[in-house]
Structure formats: C-alpha cells, structure tokens
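Numbering (the numbering used here), first residue to last: 81 to 147. Even for Gly, the Cβ is constructed at its ideal location relative to N, Cα and C. This report refers to the structure that appears directly beneath it.
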C-alpha cells in the first residue's frame, strides 16, 4: 500500500482509489442522511446506482453550478 501511495507508476491506480473512496463516502452520507427512506434502499442495485451517480458528481468541476 505504501508503494501505491508514493510510486508515480501507480498514479492512475491511486486516483481511481481516491475517486471510488469519495463516491462511497458520499453515497454513505446520503444514505445516512436519509436513514428512514434509505431503509428501503437495501438492495444492491439501488446502492450500486447511488454510488455510480455520486461518482459522476465527484467528477464534475468544483465550480459547476448545475447537474
């Protein structure tokens, strides 16, 4: 893991890992924030779709004003 963090050869892998981690954290925050409603979202398809959409949100430019 240390080599992935420091070796330039793993730059793409590191970026992908960070992107996935951010999408997962955002997805969990959304599910936690809407806990009552999220109880209906326990199926893996809904969670996968939510992670996909949050990954797209993370790819947007930071100064974007709309989706």
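Item: Residue closest to residue 127, alpha-carbon to alpha-carbon, out of 137, 140, 139, 104; Value: 104
Item: Contacts around residue 138, its chain only, beta-carbon distance under 8 Å, and the 5 residues preceding and following it disregarded; Value: 99, 102, 103, 106
Item: Residue 83: first and last residue of the uninterrupted alpha helix (DSSP H) it sits in; Value: 82–86
Item: Straight-line gap, residue 92 to residue 82 (C-alpha atoms, nearest Å); Value: 15 Å
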